[in-house]
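S.K.: Below is a structure I'd like to ask you about.
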Amino acid sequence: MSSYLVLSGGLSPERDVSLRSGRRVAEALRLSTDDEVREADVDLSLIDHLRKHRPSCVIPLLHGAAGEDGALRDVLTSLGLPYVGSSGEAARLAFDKPIAKTLLARAGVATPAYVALPHATFRELGAAEVLSGIRELLGLPLIVKPTKGGSALGASLVKSAEEFPSAMVGSFAYSEVAMMEQWIAGTEVAISVLETKNGLVALPAVEIVPEAEIYDYNSRYTAGITEFFVPARLSDEITAECARIALLAHEVLGLRDWSRTDVIVDAAGTPWFLETNAAPGMTETSLFPQALHAAGLSLGDTALQLVQRAIERG
Amino acid sequence: MSGSRLDPWVDSYAQRTSEMQASEIRALFAVASRPEVVSLAGGMPFVQALNMDLMAETVSKLLRERGAVALQYGSGQGDVGLREQILEVMADVKVSAHPDDIVVTTGSQMALDLVTRVFCDPGDVVLVEAPSYVGALGVFRAYECEVIHVAMDDEGLNPVALEEAIAALAAQGRKAKMLYTIPSFHNPAGVTQGQQRRSEVLAIAQRTGILVLEDDPYGLLGFEGEPPAAIRSHDEEGVIYLGSFSKTIASGLRVGWAVAPHGVREKLVLAAESAVLCPSNYSQLTISEYLATQPWREQIKSYRELYRERRDALLESLEQLMPPGTTWTTPAGGFYSWVTLPHGLDAKAMLPRAVTALVAYVPGTGFYVDGSGHEHMRLSYCYPEPDRIREGVRRLAGVIESELEIAATFGTSSALHSDSGSDSPGSNVPAPNLQ
C-alpha cells in the first residue's frame with residue numbers, strides 16, 4: 001500500500017490557512033483512495049519522520065515562507081522524495097512578486113507598475129522624499145504589500161498621502177521588502193491552472209467581489225462576506241485572455257501540477273497580472289477548489305492524479 | 315445574477331454576529347501555539363504544577379465511589395456540597411454568604427454571560443475599566459450592550475473618572491446598568507485596587523444605584539500578604555461576585571461561580587438551566603473531592619510562588635532589556651503586566667514582526683471596544699518557565715528596536731494612532747504605571 005503525506009502548518013503567518021488547506025486535501029484524498037494518507041506539521045521531527053517512513057509522495061500545502069519560497073521543496077528533492085507541485089526554483093520565482101511580474105511583463109503581459117524597496121532605502125534617502133516620488137510615479141490610490149507572502153497579510157490600500165507611512169510600517173512588519181503597486185480598478189479574477197494527462201488546463205475563472213475595498217484576509221477566510229462568480233462574468237474573449245495569461249504564467253515561471261494566477265480586468269477589458277501562487281489555498285473559502293468544482297472535478301481525485309504524476313516523475 | 319457567498323445562511327445571521335470574522339491577529343496566534351514561539355500572550359494557568367498523581371487519585375476515587383452521580387445530570391444551581399466548600403474558599407477574600415446564594419457555572423465566563431443576559435437589553439450601558447478583560451467585552455458585545463471605558467490609574471479604576479462617566483450619562487438622561495470591575499490583579503492591566511479605592515468605587519455605585527459586577531479570578535494569587543478583601547465583602551445587595559477555580563486548581567475543569575443577592579440568583583439559576591441545564595457534575599465533584607481530600611491551600615501557595623518567580627523574571631528582563639520609553643506595570647499578583655510602548659509604536663501592527671521573531675503577546679486593542687490601546691500590549695508570565703520568559707523578552711526587545719527604526723524612518727508616531735481618536739472614551743486614559 002502506498003502512503004501519502006500532506007504537509008501543512010509551519011511557522012509562517014499563514015499557518016492557520018495552511019493547516020486548513022492540508023486537512024481539506026487530506027480528507028478529500030482519503031475519499032478518493034484506500035492508500036494511507038497522513039498529515040504532518042513542519043517541525044524538528046519532520047526529516048526524521050520522512051527518512052523513517054519514506055512516504056510514496058509528499059503533498060506540501062504550506063503557505064508563505066518555507067512553503068512557497070522553495071526551501072522545503074528543495075529539502076524534499078534532496079531526500080529523493082516525490083512531491084506534488086512546483087520545484088523549489090520555480091516556487092521561488094513565483095513567491096517573489098516583483099520577479100514574477102518582471103518575467104510576465106517580459107512575456108508581454110500587462111502588469112501594474114510598481115516599486116519594490118527595502119526599509120534601508122527609505123532610511124538612507126529619507127522616507128518623505130522617496131514616498132513622494134512614488135506617489136507621483138504610481139498615483140493614488142496605490143497598494144502596499146510585502147513582496148513575499150500571501151493571503152493579503154500586510155497589504156493596504158493607500159488613498160491619501162497621510163495613509164502611506166502607516167501602510168509601509170504594516171507591510172514591513174511582514175517582509176523586509178515592500179512593494180508599492182499601481183492600483184487598477186476593475187474586476188478581480190483568479191484563474192486556476194491544472195496539469196492533466198491531456199496537458200495544461202485553465203479552470204473556470206473565479207470572479208471575486210469582496211464587501212471590503214480590497215480582498216483582504218477577513219474577506220478571504222470569512223464565509224459570506226465575499227461574493228464569488230464562477231465562471232466570472234466576463235466576455236468569452238476576455239475570459240480566454242485571462243486563461244491565456246494564467247497558462248503563460250504557469251509556463252514562464254516553470255511551475256508544475258497546479259497554480260493560481262490573480263488578475264484584475266480593467267474597464268477597457270485588459271487583464272493585468274498581479275501574482276501567481278505555486279501553492280494555492282485549499283480551504284473552504286479558497287479559490288482553487290471553487291474552480292475545480294465549477295469544472296466538475298473533485299478535489300480528492302485531482303490531488304490523487306497529481307500524486308500519481310509526481311510518483312511517476314520520481 | 316447573484317454569485318455564491320459560500321454560506322447559504324449568510325442573510326440569516328443575527329446582527330450581533332457582524333463582527334465575528336476571520337482576522338489577521340487570530341491567524342498570528344495560530345503560530346504562537348508552536349513550541350518555538352515564546353508565548354507571552356495567553357493566560358493559561360501552569361496546570362503542570364498540579365500533582366497529577368493526586369489528581370488521578372481524586373478522579374479515580376470519585377468515579378469509584380460516586381460515579382453514578384458524577385456522570386449524571388445535576389442541579390441547575392450546582393452541587394450543594396461544592397457550594398458549601400466555595401464558602402470556605404471565599405472566606406480568604408472575606409466574602410461571607412449562604413450556600414443558597416451561590417450559582418455554580420461553567421467557568422466564571424458563563425456567570426458573566428448569565429449576569430449580562432439577566433440584566434442587559436440591547437443598548438444598555440455597561441461601565442468597564444480601560445482596558446478591560448477581553449472575554450467580558452465579548453459577552454457585552456454579544457448582548458449588544460454599549461460599553462463605556464472608565465480610566466484607570468496605578469490603583470485601578472479611577473473614582474473621579476467613574477463619577478464623570480456616570481455624570482456624562484446622567485446628562486443624557488441615561489444610567490449604566492452595571493459596573494464591571496476586576497479589582498484584584500487586573501486582567502490585563504496588572505494593577506490592584508487598594509481597600510480605600512474599593513470603598514470609594516463602591517460608595518459611588520451605591521449612591522448612583524449601579525450594580526457592581528466584581529470579577530475575582532486572581533484574588534487568591536497575590537504575591538505578598540493576605541488576599542485583598544473583595545468589594546462584595548462590604549455589600550451583599552449591590553455586588554455580584556464572580557469566582558473561579560480555573561486559576562487556583564485547573565482551568566480545564568471549567569468550574570466557576572457567582573454569588574448574588576436572592577432575587578438575582580433565582581434568575582441566574584433559571585437562565586443557567588435554559589443555557590446548559592446544569593453545570594458538569596463530573597467537574598464539580600472532581601473539584602469538590604479535591605477540596606475535601608487534597609491540600610488545596612498548599613497548592614494555591616505553590617502556584618503563588620511559581621507565578622511570583624515568573625513575574626520577577628519578566629520584570630527583571632523588562633528592566634534590563636526594554637528600550638527607553640517603554641513602561642510597564644508591576645503586578646502584585648495574578649498573571650499579567652501591561653506594557654506601554656515608546657511613543658509612535660503600534661503593538662497590533664508590530665505583532666507579525668514579533669511572531670516572525672518567535673515571540674507573541676496580546677496587542678492592547680483587544681482590551682478596548684473603541685479602537686484604543688494601539689500603544690499597549692499585555693504580557694502574560696503565567697505559562698512559560700522563567701528562562702523562556704527571559705528569552706521572550708530578549709526577542710521582544712529586538713522587535714521593538716526594529717519597529718522603532720521603522721517608525722523613525724516613516725515618522726509614524728502621530729499617524730499611527732490617528733484612528734483611535736483622542737476623543738474616544740478610552741484613549742486619553744493614563745497608562746497604569748507603577749515603575
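Chains as they are written, first to last, in this note's numbering: chain A, 1 to 314; chain B, 315 to 749. C-beta atoms are modelled at their ideal positions from N, C-alpha and C, and glycine is treated no differently.
(1) Does the beta carbon of residue 664 of chain B come closer than 9 Å to any beta carbon on chain A?
(2) If you drop the 5 nearest sequence neighbours on each side, which residues of the same chain put their C-beta closer than 6 Å to that of residue 728 of chain B?
(3) Counting along the chain, where does the alpha helix (DSSP H) carrying residue 20 of chain A start and finish?
(4) With distances taken Cα to Cα, identify the nearest neighbour of residue 683 of chain B among B:456, B:373, B:419.
(5) Closer than 8 Å by beta-carbon distance: list the chain B residues that pair up with residue 119 of chain A, in chain order.
(6) Roughly how many angstroms separate the alpha carbons of residue 459 of chain B and residue 348 of chain B, rounded to a whole number?
(7) Per the DSSP calculation, residue 571 of chain B is bridged to which residue(s)?
(8) With residue 507 of chain B and residue 471 of chain B assumed to form a contact (beta carbons below 8 Å), what rounded beta-carbon distance in angstroms separates them?
(9) Around the Cβ of residue 652 of chain B, are there at least 16 other Cβ atoms within 10 angstroms (buried) or fewer (exposed)?
(10) Looking at the unbroken beta strand (DSSP E) that takes in residue 258 of chain A, where does it start and where does it end?
(11) So is residue 657 of chain B buried or exposed if we call it buried at 16+ other beta carbons inside 10 Å?
(12) Across the segment 479–495 of chain B and the segment 701–709 of chain B, are there enough close Cβ pairs to call them in contact, namely three or more that are closer than 8 Å?
(13) Could you tell me the distance, in whole angstroms, from the CA atom of residue 228 of chain A to the CA atom of residue 184 of chain A?
(14) Who are the neighbours of residue 123 of chain A on chain B, taking C-beta pairs under 9 Å?
(15) Among A:207, A:93, A:289, which one has its Cα closest to the Cα of residue 276 of chain A?
(16) Inspect the beta-carbon positions of residue 475 of chain B and residue 461 of chain B and report whether they are closer than 9 Å.
(17) How many Å lie between residue 696 of chain B and residue 95 of chain A at the Cα?
(18) For the candidate residues B:320, B:354, B:335, B:639, whose alpha-carbon lies nearest to that of residue 698 of chain B?
(19) Kindly confirm or deny that the segment 146–160 of chain A and the segment 223–239 of chain A touch, where touching means at least three C-beta pairs closer than 8 Å.
(20) Please report the Cβ distance between residue 283 of chain A and residue 217 of chain A, rounded to the nearest whole angstrom; I am assuming they are in contact, meaning their Cβ atoms lie under 8 Å.
(21) I'd like the span of the beta strand (DSSP E) that includes residue 321 of chain A, first residue to last.
(22) At a CB distance below 9 Å, what residues from the segment 339–361 of chain B approach chain A? Give them in sequence order.
(23) Thinking just about the alpha-carbon of each residue, which of B:369, B:661, B:501 is nearest to the one in residue 721 of chain B?
(24) Determine whether the Cβ of residue 704 of chain B lies closer than 9 Å to any Cβ atom of chain A.
(25) For residue 712 of chain B, which residues of its own chain have a beta-carbon under 7 Å away from its beta-carbon, when the five flanking residues on both sides are left out?
(26) Would you identify the three-state DSSP class for residue 277 of chain A, choosing helix, strand or coil?
(27) Where residue 443 of chain B and residue 495 of chain B are concerned, what is the direct C-alpha to C-alpha distance, given to the nearest angstrom?
(28) Could you tell me the distance, in whole angstroms, from the CA atom of residue 304 of chain A to the CA atom of residue 294 of chain A?
(29) So which residues on chain B does residue 221 of chain A lean against when the C-beta distance must stay under 7 Å?
(30) What is the rounded straight-line gap between the Cα of residue 510 of chain B and the Cα of residue 400 of chain B?
(31) Report all residues from its chain with a CB closer than 7 Å to the CB of residue 409 of chain B; omit the five preceding and five following residues, and keep chain order.
(32) Roughly how many angstroms separate the alpha carbons of residue 322 of chain B and residue 344 of chain B, rounded to a whole number?
(33) So which residues on chain B does residue 284 of chain A lean against when the C-beta distance must stay under 8 Å?
(34) To which residues of the same chain is residue 700 of chain B closer than 7 Å at the C-beta, ignoring the five residues directly before and after it?
(35) Which residue comes first and which comes last in the beta strand (DSSP E) that contains residue 147 of chain A?
(36) Contact check, residue 13 of chain A vs residue 666 of chain B under 8 Å by CB: the rounded distance?
M.R.: The structure says:
(1) Yes, residue 664 of chain B lies at the interface with chain A (some Cβ there is under 9 Å from its Cβ).
(2) Confidence at residue 728 of chain B is low in this model, with a pLDDT of 40, below 50, so its placement is unreliable and the value that follows should be read with caution. Apart from sequence neighbours up to five positions away, no residue of its chain approaches residue 728 of chain B with a beta-carbon distance below 6 Å.
(3) Unbroken alpha helix (DSSP H) run through residue 20 of chain A: 15–32.
(4) The shortest C-alpha to C-alpha distance from residue 683 of chain B to any of B:456, B:373, B:419 is the one to B:456.
(5) Ordered by position in chain B, the residues that pass the 8 Å Cβ test against residue 119 of chain A are 719, 720, 723.
(6) Distance between the alpha carbons of residue 459 of chain B and residue 348 of chain B is about 36 Å.
(7) In the DSSP secondary-structure assignment, residue 571 of chain B is bridged to B:418, B:557.
(8) Indeed they touch by this definition, with Cβ atoms about 6 Å apart.
(9) Residue 652 of chain B sits buried, since 16 or more C-beta atoms from the chains shown fall within 10 Å of its C-beta.
(10) Per DSSP, residue 258 of chain A belongs to the beta strand (DSSP E) from 258–265.
(11) Counting Cβ neighbours within 10 Å, residue 657 of chain B comes out exposed, since fewer than 16 surround it.
(12) Using a C-beta cut-off of 8 Å, the segment 479–495 of chain B makes no contact with the segment 701–709 of chain B, since fewer than three inter-stretch Cβ pairs fall below that distance.
(13) In this model, residue 228 of chain A and residue 184 of chain A are separated by some 19 Å (Cα to Cα).
(14) 719, 720, 722, 723, listed in chain order.
(15) Checking every option, the nearest Cα to that of residue 276 of chain A belongs to A:93.
(16) Taking 9 Å as the cut-off, the beta carbon of residue 475 of chain B is found no closer than this to the beta carbon of residue 461 of chain B.
(17) Rounded to the nearest angstrom, the two C-alpha atoms are 39 Å apart.
(18) Selected option, being the one with the closest Cα: B:354.
(19) Result no; under three Cβ-Cβ pairs closer than 8 Å.
(20) Not confirmed; about 12 Å, so no contact.
(21) Outside the shown range of chain A, which is 1 to 314, sits residue 321 of chain A, and nothing can be said about it.
(22) Those residues of the segment 339–361 of chain B placed with their C-beta closer than 9 Å to a C-beta in chain A are 340, 341, 342, 343, 344, 345, 347, 348, 349, 350, 351, ordered along the chain.
(23) Taking only the C-alpha atoms, the option nearest residue 721 of chain B is B:661.
(24) Chain A, which has no Cβ nearer than 9 Å to the Cβ of residue 704 of chain B, makes this no.
(25) Short of 7 Å from the beta carbon of residue 712 of chain B, and not among the five residues preceding or following it, lie these beta carbons of its own chain, in chain order: 671.
(26) If DSSP states are grouped into helix, strand and coil, residue 277 of chain A belongs with the strands.
(27) As the crow flies, the alpha-carbon of residue 443 of chain B is around 6 Å from that of residue 495 of chain B.
(28) Each residue's Cα considered, the two are about 18 Å apart.
(29) Within 7 Å Cβ-Cβ: 336.
(30) Linking residue 510 of chain B to residue 400 of chain B through their CA atoms gives a straight-line distance of about 26 Å.
(31) Correct list, in chain order: 544, 546, 547, 555, 573.
(32) In a straight line, the C-alpha of residue 322 of chain B is about 27 Å away from that of residue 344 of chain B.
(33) Neighbours of residue 284 of chain A on chain B, chain order: 320.
(34) In the same chain as residue 700 of chain B, and ignoring 5 residues on each side of it, the C-beta atoms closer than 7 Å to its own belong to 623, 624, 627, in chain order.
(35) Here residue 147 of chain A belongs to no beta strand (DSSP E), and DSSP marks it neither H nor E.
(36) Sure, about 6 Å apart at Cβ, within 8 Å.
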